[in-house]
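J.: Under the numbering used here, residue 611 is the last one in the sequence shown; the count climbs by one each step, no gaps. Virtual Cβ for every residue (Gly too), placed ideally from N, Cα, C. If you scroll down you'll find the structure; I have some questions about it.
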Amino acid sequence: MGRSPVSLSRLKLGKLKVVRRQLLQRYEHQPFVSCLAGLYGCQWRRYQRAKAQPGECCCSRLECGSFVLLIITFFLTLIFLYFWSEAQNDYNDFDWFNFGNFGFWFPWSVVLLVVAAALFTYIALLLVLAVCLLSEGQRLYLHWSHKIGILVTLIFSICATAMLTDLWSQEWTTLLISFQVTAPFLHVGGVSLMALLSWPIALHFFRMNKRVRQVALLSLYLAVLFALYLVPLGMYSPCIKEKGTLGPAPILIGHRGAPMLAPENTQLSFEKAIESGGEGLETDVTISYDGVPFLMHDSTLRRTTNVHEVFPNRTDDSAAMFTWAELEMLNAGSWFLWRDPFGTVSSLDVDERVQVQNQTVLTLKEFLNLAAQHGNLVIFDLRRPPRGHPYRDSWITRTLEVLHNESCINSSQVLWLPADQRSVVQELDPELQQTSGDHAPIEELQEEHIVRLNLHYSYISQEQIRKYASVNISTNLYVISQPWLYSLAWCAGTHSVTTNALHVLKKLQHPLFLMTPEEYNLMWILTDIVSAFLITAVFIFHWWRERGLPFWSGSRQVNENGPYSKFRTESSEVQGIRWNPLFFDGPSLALDPDLSLHVPPVHGFPVPI
């Protein structure tokens with residue numbers, strides 16, 4: 003006995019309800035996809051975008067090229083941002099270099115960092131959007147405005163990198179040095195990124211219909227992953243040490259005093275350095291036209307005095323060509339307040355600002371007496387006067403006269419750095435600590451009675467420092483102002499460092515990033531194991547989810563056993579349903595009030611309800 007028409011119609015309606023419920027579950031994340039596609043390609047409406055069918059490429063050739071260009075731009079911008087952020091130790095030098103070229107002060111370094119960070123953030127967000135769209139199986143379409151933005155960012159990164167490489171190539175050494183402290187953490191970040199990328203990689207791997215593409219994709223992914231897994235085998239960091247092997251913290255020498263707290267090479271600057279705990283003071287000495295040694299780093303007075311106001315026609319004259327009476331007329335502190343080279347002026351109170359405003363050019367005698375009073379070491383560069391200067395040939399002798407006859411400092415407190423006439427100086431005053439700025443062989447240093455090296459921080463090498471220490475030659479590195487760089491020097495066994503940031507480094511109780519080999523191995527192995535487990539789980543999940551999906555070859559469907567195939571509705575069944583109020587009574591109508599919903603097609607077949 004056959005079923006009644008009402009029972010058959012109710013059965014068909016029940017099937018459609020199952021289809022509708024499953025399809026709504028399938029499309030319930032569409033607002034998320036709409037947001038992704040809208041931000042990435044301005045495709046806010048569903049009909050504007052399309053899903054990548056199994057076996058199809060995720061985008062056209064043009065969009066594929068745009069995606070590859072996005073990835074290249076991301077890595078180039080990341081490299082430049084990392085490079086410039088690690089160069090913060092030398093931002094002040096960069097800004098003063100530009101001051102010398104352009105004639106006015108501007109914080110170029112900070113502006114460059116902000117621009118690089120903003121562009122990187124923009125590119126990173128675009129890449130995240132693209133990866134999320136790929137994870138949802140969507141075809142990529144990048145809006146033309148974003149394509150222009152990518153090109154602008156790419157050009158900026160290439161030009162900025164080329165410019166800094168040409169003008170400041172030594173900063174690449176800083177980049178390599180930074181890996182000694184950041185590499186373990188960069189390894190964790192890289193492995194975590196590969197774990198996140200496993201989702202879209204696995205999705206498209208199991209949906210590809212060509213074995214060659216599958217092998218290429220998986221091989222590339224695994225090659226990068228295994229390379230990251232093995233990178234720690236080649237890592238070296240002096241901050242990975244056994245407990246009890248860390249030496250004492252390096253002695254801090256104030257670079258021109260405390261230039262972040264007061265104008266450089268002034269009485270106030272050196273007093274601030276001593277108050278901050280500095281055990282040494284560094285400066286630069288020039289001899290005036292009438293034979294008075296005074297403190298001045300630059301060859302001219304333009305940067306750190308008001309010479310343009312007092313002697314407007316002599317702003318570019320050599321500082322050594324001014325008499326001491328003329329130098330006493332200059333103000334050496336007001337420039338600090340309005341240029342604010344380190345961005346620290348806002349921390350000064352009213353009394354300190356008045357003190358800064360009243361600073362004058364300091365003599366070598368005053369500097370040495372201040373160091374003698376507090377028992378500080380001193381080290382200074384001595385600039386030879388230009389041709390035509392009365393003390394052109396007697397500059398060393400005149401400096402020693404001030405040291406021995408006019409100041410009260412003990413010779414043992416002086417790290418004698420000038421290389422000229424070193425043997426004569428050694429004979430005249432053997433108590434001076436002979437210091438060399440050359441990275442010379444040990445035998446040559448011992449012949450010149452060198453007891454200390456004064457080297458740029460780029461020469462940080464635990465092996466070299468230990469080699470020199472074995473023959474009682476200590477090492478001073480300059481100029482170190484960033485905590486990470488100071489930590490590296492500490493771990494490497496450096497005896498002292500010259501710094502702009504005494505008040506910052508003095509607060510460090512132990513090196514940053516310090517860990518034992520056991521702690522490092524645990525971090526390395528645990529990261530690799532956890533990531534391998536997660537990646538394997540992601541691939542297994544996608545294999546399970548995609549194993550029954552239709553497999554497409556061209557435009558022909560060859561497998562109908564997918565997990566969604568059971569929800570397909572025959573055309574005759576759908577067309578057999580007609581609206582009849584008698585069929586919709588009671589709770590069923592309340593549960594499904596929107597009976598006019600148009601469900602998107604499943605496998606190419608539209609289902610009207």
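When you compare each of Leu153, Cys44 and Gln32 to Gly664 by their alpha carbons, which one comes out closest?
T.: Because residue 664 is not part of the residues shown, which for the chain are 3 to 611, the question remains open.
J.: For the beta strand (DSSP E) that Phe382 lies in, which residues bound it at each end?
T.: Indexing the sequence shown from 1 puts residue 382 at position 380. From DSSP, the beta strand (DSSP E) with Phe382 extends over Leu379 to Leu384.
J.: Give the DSSP-derived three-state secondary structure of Glu450 in the structure shown.
T.: Your numbering for residue 450 matches position 448 in the sequence shown. Coil at Glu450, not helix or strand.
J.: Using the three-state DSSP reduction, which class does His257 fall into: helix, strand or coil?
T.: Translated into positions along the sequence shown, residue 257 becomes position 255. The answer is strand: DSSP assigns His257 an E or B state.
J.: Mind the definition here: the stretch 142 to 160 touches the stretch 217 to 233 only if three or more C-beta pairs lie below 8 Å; say whether that holds.
T.: Cβ pair count under 8 Å is below three, so no.
J.: Whole angstroms are fine: how far does the CA of Tyr231 sit from the CA of Lys469?
T.: In the sequence shown, the residue the question calls residue 469 occupies position 467. In the sequence shown, the residue the question calls residue 231 occupies position 229. If you take the alpha carbons of Lys469 and Tyr231, they lie about 33 Å apart.
J.: Any idea which residues DSSP pairs Pro109 with across the strands?
T.: Start at 1 with the first residue of the sequence shown, and residue 109 comes out as number 107. Partner(s): none; Pro109 has no beta bridge.
J.: Measuring alpha carbon to alpha carbon, tell me which of Trp546, Ile125, Trp486 and Phe207 ends up nearest Gln90.
T.: Start at 1 with the first residue of the sequence shown, and residue 90 comes out as number 88. When each option's Cα is compared against that of Gln90, the closest is Trp486.
J.: Over the uninterrupted beta strand (DSSP E) stretch that includes Trp201, give me the two end residues.
T.: Numbered from 1 along the sequence shown, position 199 holds the residue referred to as residue 201. Run containing Trp201: none in the beta strand (DSSP E); it sits in the alpha helix (DSSP H), Glu173 to Arg209.
J.: Quick one, which of Leu419, Ser414 and Glu311 has its alpha-carbon nearest Pro432's?
T.: Numbered from 1 along the sequence shown, position 430 holds the residue referred to as residue 432. Of the candidates Leu419, Ser414 and Glu311, the one whose C-alpha sits nearest the C-alpha of Pro432 is Ser414.
J.: Applying the criterion that 16 or more other CB atoms from any shown protein chain within 10 Å of the CB defines a buried residue, is Gly43 buried or exposed?
T.: Working through the sequence shown from its first residue, we reach residue 43 at position 41. Per the 10 Å Cβ criterion, buried.
J.: Could you please give the first and the last residue of the uninterrupted beta strand (DSSP E) stretch that includes Gln436?
T.: For the purposes of this step, residue 436 is taken as the residue at position 434 of the sequence shown. Element bounds for Gln436: Gln435 to Ser438.
J.: Rounded to the nearest angstrom, how far is the Cβ of His544 from that of Ala204, given a contact under 8 Å?
T.: For the purposes of this step, residue 544 is taken as the residue at position 542 of the sequence shown. For the purposes of this step, residue 204 is taken as the residue at position 202 of the sequence shown. Yes, His544 and Ala204 are in contact; Cβ-Cβ is about 4 Å, under 8 Å.
J.: Please name the residue, chosen from Thr399, Thr501 and Arg209, that lies closest to Arg549 on a Cα-to-Cα basis.
T.: Sequence index remark: in the sequence shown, residue 549 carries index 547 (1-based). Here the closest residue by C-alpha is Arg209.
J.: Which residue or residues does DSSP assign as beta-bridge partners of Asn478?
T.: Residue numbering aside, residue 478 sits at position 476 when the sequence shown is read from its first letter. In the DSSP output, where bridge partners are listed per residue, Asn478 has Asn456 and Ser498.
J.: Taking the C-alpha atoms as reference points, what is the distance between Ser159 and Arg341?
T.: By one-based count along the sequence shown, residue 159 stands at place 157. By one-based count along the sequence shown, residue 341 stands at place 339. So the alpha carbons of these two residues sit roughly 28 Å apart.
J.: Hey, how far is the Cα of Val560 from the Cα of Val183?
T.: The sequence position of residue 560 within the sequence shown is 558, counting from 1. The sequence position of residue 183 within the sequence shown is 181, counting from 1. Residue placement at Val560 is poorly supported in this model, since its pLDDT is 41, which falls under 50; the coordinates still yield a value, given next. Computed Cα separation, rounded: 55 Å.
J.: Could you tell me the alpha carbon to alpha carbon distance between Phe515 and Ser271, rounded to whole angstroms?
T.: Translated into the one-based positions of the sequence shown, residue 515 becomes position 513. Translated into the one-based positions of the sequence shown, residue 271 becomes position 269. Their Cα atoms are separated by approximately 31 Å.
J.: Counting along the chain, where does the beta strand (DSSP E) carrying Glu284 start and finish?
T.: Residue mapping note: residue 284 aligns to position 282 of the sequence shown, counting from 1. From DSSP, the beta strand (DSSP E) with Glu284 extends over Gly282 to Ile289.
J.: Given a cut-off of 9 Å, decide if Gly293 and Arg400 are closer than it, judged by their beta-carbon atoms.
T.: Sequence index remark: in the sequence shown, residue 400 carries index 398 (1-based). Sequence index remark: in the sequence shown, residue 293 carries index 291 (1-based). Taking 9 Å as the Cβ cut-off, Arg400 and Gly293 qualify as a contacting pair.
J.: Short check: CB of Phe76 to CB of Ile125, under 9 Å?
T.: Here residue 76 is taken as the residue at index 74 of the sequence shown, counted from 1. Here residue 125 is taken as the residue at index 123 of the sequence shown, counted from 1. Against a cut-off of 9 Å, the Cβ pair of Ile125 and Phe76 comes out as a contact.
J.: Within its chain, find whatever has a CB closer than 7 Å to the CB of Leu177; leave out the 5 residues flanking it on each side and keep chain order.
T.: By 1-based counting over the sequence shown, the position of residue 177 is 175. Cβ within range, chain order: Phe85 and Glu88.
J.: To the nearest angstrom, report how far apart Asn315 and Thr302 are at their CA atoms.
T.: Here residue 315 refers to the residue found at position 313 of the sequence shown. Here residue 302 refers to the residue found at position 300 of the sequence shown. Distance between the alpha carbons of Asn315 and Thr302 is about 13 Å.
J.: Is the Cβ-Cβ distance between Ser483 and Pro513 less than 9 Å?
T.: Position 481 of the sequence shown, counted from the first residue, corresponds to residue 483. Position 511 of the sequence shown, counted from the first residue, corresponds to residue 513. It is not a contact, given that the beta carbons lie outside the stated cut-off.
J.: Going by C-alpha distance, which of Val363, Asn371 and Phe99 is nearest Ala321?
T.: Indexing the sequence shown from 1 puts residue 321 at position 319. Nearest of Val363, Asn371 and Phe99 to Ala321, Cα basis: Val363.
J.: The alpha helix (DSSP H) with Pro33 in it runs from where to where?
T.: Along the sequence shown, one-based indexing puts residue 33 at 31. Segment Gln32 to Gly43, the alpha helix (DSSP H) holding Pro33.
J.: Look up Ser472 in the DSSP assignment and say whether it is helix, strand or coil.
T.: The sequence position of residue 472 within the sequence shown is 470, counting from 1. Of the three classes helix, strand and coil, the one that applies to Ser472 here is coil, per DSSP.
J.: How big is the Cα-Cα spacing for Leu248 and Gln464?
T.: Taking the sequence shown and counting its residues from 1, one reaches residue 248 at position 246. Taking the sequence shown and counting its residues from 1, one reaches residue 464 at position 462. Straight-line Cα distance between these residues: approximately 12 Å.
J.: Closest to Glu450 by CA distance: which of His391, Glu273, Ser425 and Asn407 is it?
T.: Counting from one through the sequence shown, the residue named residue 450 turns up at place 448. Per the Cα distances, Ser425.
J.: Shortest alpha-carbon distance to Ile467 belongs to which of Pro202, Tyr459 and Thr477?
T.: For this step, residue 467 is matched to residue 465 along the sequence shown. Taking only the C-alpha atoms, the option nearest Ile467 is Thr477.
J.: State the CB to CB distance for the pair Leu457 and Leu479, rounded to an integer number of angstroms; the pair is presumed to be in contact (CB under 8 Å).
T.: For the purposes of this step, residue 457 is taken as the residue at position 455 of the sequence shown. For the purposes of this step, residue 479 is taken as the residue at position 477 of the sequence shown. Contact holds; Cβ gap of about 6 Å.
J.: Spatial neighbours of Thr163 within its chain, please: C-beta separation below 7 Å, excluding the five flanking residues on both sides.
T.: What you label residue 163 is simply residue 161 of the sequence shown in a count that begins at 1. For Thr163, where only same-chain residues beyond five positions count, the Cβ hits under 7 Å are Phe82.
J.: Could you check how far apart the C-beta atoms of Val358 and Phe338 are, in whole angstroms? I think they sit under 8 Å.
T.: For the purposes of this step, residue 358 is identified with residue 356 of the sequence shown, where counting begins at 1. For the purposes of this step, residue 338 is identified with residue 336 of the sequence shown, where counting begins at 1. So it is a contact: roughly 6 Å between Cβ atoms.
J.: How far does the alpha helix (DSSP H) with Val426 in it extend, from its first residue to its last?
T.: Locating residue 426 in the sequence shown gives position 424, where the first residue counts as 1. Arg424 to Leu430 is the span of the alpha helix (DSSP H), which, as asked, contains Val426.
J.: Which same chain residues, not among the five before or five after Val287, have their C-beta less than 6 Å away from its C-beta?
T.: Here residue 287 corresponds to residue number 285 of the sequence shown, with the count starting at 1. Answer for Val287: Pro295, Leu366, Phe382 and Leu384, listed in chain order.
J.: To the nearest angstrom, how far is it from the Cα of Tyr93 to the Cα of Val404?
T.: What you label residue 93 is simply residue 91 of the sequence shown in a count that begins at 1. What you label residue 404 is simply residue 402 of the sequence shown in a count that begins at 1. Computed Cα separation, rounded: 35 Å.
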